[in-house]
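Colleague:
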Amino acid sequence: MVTDSYLKALVWLVPLLPLAGFLITGLGRKRLKGHIAGILASTAVVISFVLSVILFFSLRKPGTEPLTVTLFSWITTGELSVPFAFLIDPLSLTMMLIVTGVGALIHIYSIGYMHHDERVNTFFAQMNLFTFSMLLLVMGSGYLLLFIGWEGVGLCSYLLIGFWFKNPDYNYAARKAFVMNRIGDLGFLLGIILMFFTFHSLSFSEVFGKAATFDKGAPVITAITLLLLVGAVGKSAQIPLFTWLPDAMAGPTPVSALIHAATMVTAGIYMIARSGVLFNLAPVTLTVIMVLGLATAILAAIIALKQNDIKKVLAYSTVSQLGYMFLALGLGAYSAAVFHVTTHAFFKALLFLGAGSVIHAMGGEQDITRMGGLKTKLPVTFLTFAIATLAISGIPPFSGFFSKDLILAKAFEHNLVLYVFALGGALLTCFYMFRLLFVVFFGNLRSPEVHPHESPRIMTIPLMILAVLATVGGFLNMPSLLGGHSGFLAFLQPSTQSLETGELAHSTEWGLIFLSLALLGTVFWIAWRKFLKQKHIPEKDDHTLNLAGKIVYQKLYIDQIYAFLLEKPYSWLSSFLFRKVENQLLDPLVDGVGHLTSELGTLTRRFQRGNLSFYLFAMVAGILLFIVFILFV
Amino acid sequence: MKLLILLFLPLFAGLLLLITRKYRFSGYLAPASALISLVVTLMVISGVPSGNVSVDWMQVPGVRFNLQLDEISKIMLLLTGLLYPFILLSSWGREQTNQASLQALLLFSQSALTGVFLAGNAFLFYVCWELALLPVFFILLLWGGPGRRSITLKFFIYTLAGSLFLLFGIIYLYLQTPGLHSADFAAMAQLQLPEKTQQWLFWILFIGLAVKMPLFPFHTWQPPAYTTAPPQGTMVLAGIMSKMGIYGVFRLLFLVLPQGVLFWQNTVIILGLTGVVYASVIAFRQNNLKTLIAFSSLAHISLMVAALFAANTYAVQGVLFQVVAHGITIVALFYLVMLTEEKAGTSELSGMGGLKISAPRLALLFMLVMLGGIALPLTSGFIGEFLMITGIFKVSVWFALAGGLTLVLGAVYMLYAYQRAFLGPLNPAPEHKGDIISRDQWWLIPLVILILVLGIWPQPVLNLVLTIPELLRPLPLP
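Here it is in structure tokens:
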């Protein structure tokens, strides 16, 4: 029998270990040789994972009270009282397991991937700092604690995107990510403040308890949830704040896998799922989330069709999948969204690590038009990448099928149009993923000068583990259709308070599954015919493309539009305010006042000569006069 | 007695330094004095009885030499006591002409500033206010950079003109006190002037205070003065003297003219928020690192003024916390700017680039302090800004949005500046002089630790300001 205090000690150890790892590898980055930093950092995360597993098994029984562990009082003034405390419930346990589990695999993989880098110790320090921040984010017992982690992961993301800091483009990408996230964060922070004034507390339990007294559709709740949504849109890269995520691929590939696919970008989904009680009261916000999510899912999938950089394809795919999660949130199916977060963490981490293995083998090459035929050269990478492709495309029995099908079914229940669009996006996903798989691994190698070889075992073993998870992860939530009990959703329900909807008839569900499988099969066949049979190689640039192709190839010109509408005017405004307003308006105005006074009296003309001793004299004399005035008048 | 030590120790240490400048031990005088002041300050703040001081000063009724200590004074003393050791140590071992005189002037300014924050009498307050200007004036004039003559003159005249407004306001208040008149703040706080009087008198006093802060649009002396001043001068100006105006708002406006404050509340908030956005936007394209940080300081002070006039408990507590937090961050930043300029051999960002390659430790310290500047959670900057924005939110959501823009725009200009100075390929133009030496590193690390500790464990400073609503009773803080 495990005691309560023993469990509480485990709870605070979970984030503390990566923090210790960060401090040791960070402060000792000059002294630690070889793989030591990597091993230390990985060990810290592995132990955190083991502890999370122990916590999970101690607390998983239905009806177990959530565990709250308070460390110390962080801010206390007036009504504002924010303890530094952790909340351990089904939702945070799920996220902790993903963060430490997938995180540990990516740390281990990085030992192999980053070993040649001269700043490998700094890399691991920052990865551990990220893990610590992400754990704060998912374990915090209130919104302000969540916000610490929220901004902390943003910082780590900035640092790791710009890890290779000698490249100005990477630095630009890092800044772009931080600033776009900060725009979201501002909304989030204002939401937190409004929440504080509404509920007089920021802890989850008190806020959700008091929210019950509000009516559905209460304006203040709608305002709060919309502001929280702004934060989620920034962090989880939705329209209009999604353009930072593809650029974030400038970071080392394990960073893309951990931060920009599996964990950090899902923080927005976590936050909304956590606030299910509030969002249930705000149907308007849910509709906005639904529309944003679906639009992002389709837009990003379209852009992914024509990208030639292996990581860019995966990045747009991530944006698109995050869109699906938002769609689920917008339907009130918070647990379903978290389920997709989970399976997506498996297969998308796998895809990125596989891409890393390919890039590693190709000597840094990321352009898929220069790859090809790698399936024999990199058999493990190929096999695992193929499994992940099947999973993300939603083909049974791989994990993505279960989570995506759940979302599609929810969309169907809600509205047929929604379902059609969601299904369309899924078909696009299937097409661009098989395009990627075929172009990279089949045909002939198009870079004769490279001699690719399979990655070392320290990299392939994490791939294999993730491949197993991506294959069987879906069984976590076996639907009743297949004789299961939807265990994952039931486990999460106490945390997320998902909206209950009527079950679809089993015949309808089978119908939908067969429809989507038939269409997926067709799309697969098209991709197979185009890229395997006809050996089509994507165009290297947009010269030969038609207009539509060109626009998609150029990512719908959204970056250019933002630069034209925001960056350039801001830069211009900065110069304008300084040159015209500061130097030609305000400053002369002050001088003008000075000249005016000097012309008013002959005495003051001395100011212009710059005779300072006179000035000092005048001051002292003035003070003396003042005293005389007081004394004798 | 302890208050007198705080007030006069730096003055005597400075005089002694001037006399013994030829001897080797004189180099230790200034830091030693500052450290003793810090210890005494901490004792006074933590509630060790410090005694009362009150003597009749001149044969003028109500003009007394009396010192008073309340929570607002304590925050200001904490700021002064904490920062002076670092300001003085930052000049240690640097080849500055006539260093003993520079340090003596800095010590004089510490005495005068302590006087401002301890004075219980408006007349004493005003004298110290003016005296504080003199050492800084000479520091700028004698140790300043290019264009120092005209810039110093402008700074001097501008702030002195502001002081005349202040003086007029104080005399007016003095003459309103009953009986034989008294210039004690306590007597002025009893006045309860008619509403109309409070409304016009507000501007007389506020202009004097606003110039000192400075607040948009009374700020045009600030960027050039901060830029041309020697690093230590900039640190005193930005770290401490900028808070004199905020202190004055408490003493002379909140406590004496509460009706005036409430009447002009929104006007001043709008000025402050305009300053936040205006200075943040301008900072983005500055090419001189020091000027850029000067505009950043302008933006931060503007937010503090806006929050101050939000005049509710969270906002005011946030301002007082931020007084300390901003002081630490800005002194550390200007210290780092000095080091960066030394290492790059230029103050122009266009001539820097890639310094992280040649000076990785400098880059790391700069990054850590910058995070405090852009208010990342778990740094001191976040606590202050969160409380201030919360307070402003209580007045208006739109004000809070404008104030909150500092989170976005601050990141925009700071990260861009950091990139231009430290990231990218090593700029081949300047002759690089390696990383920072360990002495500077050891002075900077305590500042970084303070930034982190106050972000993780802010309660000791917050506890100092918990009783603010009672203290400011004339102006009921919602």
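Chains Z and H, in that order, are what the protein sequence lines are. Each residue of the first sequence is one higher than the one before, counting from 1 in the numbering used here. Each residue of the second sequence is one higher than the one before, counting from 634 in the numbering used here. Every residue, glycine too, gets a C-beta built ideally from N, C-alpha and C. Bear in mind that the values here come from a model prediction, so they are computed numbers and not experimental data.
Classify residue 484/Z as helix, strand or coil using the three-state DSSP reduction.
Modeller: Per DSSP, reduced to three states, the secondary structure at residue 484/Z is coil, with no helix or strand assignment.
Colleague: Measuring alpha carbon to alpha carbon, tell me which residue in 406/Z, 445/Z, 210/Z and 434/Z is nearest residue 477/Z.
Modeller: Ranking the options by Cα distance to residue 477/Z, first place goes to 406/Z.
Colleague: Using a Cβ-Cβ cut-off of 8 Å, state whether residue 1033/H counts as contacting chain Z.
Modeller: Yes, because at least one Cβ of chain Z sits closer than 8 Å to the Cβ of residue 1033/H.
Colleague: Give the DSSP-derived three-state secondary structure of residue 75/Z in the structure shown.
Modeller: Looking at residue 75/Z - three-state DSSP - the assignment turns out to be strand.
Colleague: I'd like to know whether the C-beta of residue 70/Z is nearer than 8 Å to at least one C-beta of chain H.
Modeller: no
Colleague: Just to confirm my understanding: we take residue 467/Z, look at its own chain, exclude 5 residues before and 5 after, and list those with CB closer than 8 Å. What are they?
Modeller: 350, 383, 384, 387 and 388
Colleague: Nearest to residue 242/Z by CA position, among 441/Z, 592/Z, 558/Z and 590/Z, is which residue?
Modeller: With respect to the C-alpha of residue 242/Z, the residue from 441/Z, 592/Z, 558/Z and 590/Z having the closest C-alpha is 558/Z.
Colleague: For residue 708/H, decide whether its Cβ has a neighbour in chain Z, counting only Cβ atoms nearer than 8 Å.
Modeller: no
Colleague: Residues in its own chain within less than 8 Å of residue 698/H by CB, not counting five upstream and five downstream?
Modeller: The beta carbon of residue 698/H lies closer than 8 Å to those of 686, 687, 688, 689, 690, 754 and 757 in the same chain, with the five residues before and after it left out.
Colleague: Check whether chain H comes within 8 Å of residue 186/Z, counting only Cβ atoms and requiring the distance to be less than that.
Modeller: yes
Colleague: What residues in the stretch 1044-1062 of chain H bring their beta carbon closer than 7 Å to a beta carbon of chain Z?
Modeller: 1044, 1045, 1048, 1049, 1052, 1056, 1057 and 1058
Colleague: Residue range of the beta strand (DSSP E) that residue 83/Z falls in?
Modeller: 80-88
Colleague: Determine contact between the stretch 142-159 of chain Z and the stretch 171-188 of chain Z, defined as no fewer than three beta-carbon pairs at a distance below 8 Å.
Modeller: Taking 8 Å as the limit for Cβ pairs, the verdict is that the stretch 171-188 of chain Z does touch the stretch 142-159 of chain Z.
Colleague: Would residue 68/Z and residue 85/Z qualify as a contact pair, given that the criterion is a beta-carbon distance under 8 Å?
Modeller: yes
Colleague: For the candidate residues 453/Z, 427/Z, 577/Z and 72/Z, whose alpha-carbon lies nearest to that of residue 516/Z?
Modeller: When each option's Cα is compared against that of residue 516/Z, the closest is 427/Z.
Colleague: Out of curiosity, what's the CA-to-CA distance linking residue 258/Z and residue 130/Z?
Modeller: Whole-angstrom Cα-Cα distance: 9 Å.
Colleague: If we cut at 8 Å on Cβ distances, does residue 1026/H have a partner in chain Z?
Modeller: So, interface residue.
Colleague: Please list, in chain order, the residues of the stretch 280-292 of chain Z that have any C-beta partner in chain H closer than 7 Å.
Modeller: Against chain H - using a Cβ distance shorter than 7 Å - the stretch 280-292 of chain Z contributes no residues.
Colleague: Three or more C-beta pairs closer than 8 Å, one from the stretch 931-948 of chain H and one from the stretch 892-907 of chain H: is that the case here?
Modeller: yes
Colleague: Listed from N- to C-terminal order along the chain, which residues in the stretch 537-571 of chain Z have their beta-carbon within a distance smaller than 9 Å of any beta-carbon of chain H?
Modeller: Hits within the stretch, in order: 570 and 571.
Colleague: Mind checking if residue 790/H is an interface residue toward chain Z, Cβ cutoff 8 Å exclusive?
Modeller: With 8 Å as the cut-off, residue 790/H counts as an interface residue toward chain Z.
Colleague: Ordered along the chain, which non-local residues of its own chain (more than five positions away) have a Cβ less than 8 Å from that of residue 707/H?
Modeller: 677, 678 and 1097
Colleague: Using a Cβ cut-off of 7 Å, pull out every chain Z residue sitting near residue 1092/H, in sequence order please.
Modeller: 73 and 76
Colleague: So for residue 697/H, helix, strand or coil by DSSP?
Modeller: Looking at residue 697/H - three-state DSSP - the assignment turns out to be strand.
Colleague: What residue range does the beta strand (DSSP E) around residue 686/H cover?
Modeller: Looking at the DSSP string, the run of the beta strand (DSSP E) that includes residue 686/H is 686-689.
Colleague: Measuring CA to CA, which of 347/Z, 327/Z, 269/Z and 300/Z is closest to residue 102/Z?
Modeller: 347/Z
Colleague: If you count every other CB in all the chains shown that lies within 10 Å of the CB of residue 521/Z, and 16 or more means buried, which is it?
Modeller: Exposed.
Colleague: Please report the Cβ distance between residue 713/H and residue 750/H, rounded to the nearest whole angstrom; I am assuming they are in contact, meaning their Cβ atoms lie under 8 Å.
Modeller: 7 Å
Colleague: Out of curiosity, what's the CA-to-CA distance linking residue 125/Z and residue 33/Z?
Modeller: 14 Å
Colleague: Per DSSP, residue 203/Z is paired with what?
Modeller: 142/Z
Colleague: What residues of chain Z sit near residue 917/H, judged by a beta carbon separation below 8 Å?
Modeller: 570, 571 and 574
Colleague: Taking just the CA atoms, how far does residue 189/Z sit from residue 644/H?
Modeller: 46 Å
Colleague: Just to confirm before moving on: does the CB-CB distance between residue 438/Z and residue 531/Z stay below 8 Å?
Modeller: Pairing residue 438/Z with residue 531/Z gives a Cβ-Cβ distance under 8 Å.
Colleague: Using CA atoms only, rank isn't needed, just tell me which of 940/H, 1081/H and 1035/H is closest to residue 1004/H.
Modeller: 1081/H
Colleague: Output the boundary residues of the alpha helix (DSSP H) element that contains residue 658/H.
Modeller: From DSSP, residue 658/H is part of no alpha helix (DSSP H); its letter is neither H nor E.
Colleague: Checking contacts by CB at 8 Å: is residue 839/H closer than that to chain Z?
Modeller: no
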